[in-house]
Amino acid sequence: MRHFRGNQGRPEKRTGGAEKPVTEKLRGLMGLAMRAGQVTLGANLALTVVKSGKAALVLIDEGASENTRKKLMDACAYRAVPIYTLPSGLIDDACGKDSRYAAAFKSGGLADKIRQLLISQGKPDQIEEQKNCQKRGGASVQ
7 MRHFRGNQGR PEKRTGGAEK PVTEKLRGLM GLAMRAGQVT LGANLALTVV
57 KSGKAALVLI DEGASENTRK KLMDACAYRA VPIYTLPSGL IDDACGKDSR
107 YAAAFKSGGL ADKIRQLLIS QGKPDQIEEQ KNCQKRGGAS VQ
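Numbering (the working numbering), first residue to last: 7 to 148.
Rendered as structure tokens:
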């Protein structure tokens, strides 16, 4: 058996350092949910899942049209499903599909983990933010 002195011949251990950015963690969790079959992509399909009561979380791309955004916001508000807006293109990158402006996640650990990640970064739930704004007498948040 060969003995080494110090770190010669051994890979360096990472001590401390920065963690992955939130967008990378989010991409990873969304990709995992996609492979696990826990996510429905596309605005119309996401709306169908929300209306059926099977959605635990909805994510909308900020590039989605106002009509799409309003339909999903209204359906999520009626059924008390949390909805979050993500930077443009993040849903596409995470799921490997083009032109997807919404994603609905089924109930489970992955949806909970994604929601916790968004909450920890200070991203407000769009429904709660809209309610708070209306209580203060302001215009609704788009």
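Built from N, CA and C at the ideal position, the CB exists for glycine as well.
The count of Cβ pairs closer than 8 Å, one atom from the region 108 to 115 and one from the region 62 to 73, reaches three, so the stretches are in contact. The beta carbons of A52 and K112 sit about 11 Å from each other, so the pair does not count as a contact at 8 Å. When C-beta atoms of the region 94 to 104 are compared with those of the region 114 to 125, fewer than three pairs fall below 8 Å, so the two segments do not count as touching. With at least 16 other beta carbons inside 10 angstroms of its own, P88 counts as buried. Counting only residues of its own chain and dropping the five nearest sequence neighbours on each side, D104 has a CB closer than 8 Å to the CB of D98. Unbroken alpha helix (DSSP H) stretches of 4 residues or longer found wholly inside the region 31 to 59: 49 to 58, given in chain order.
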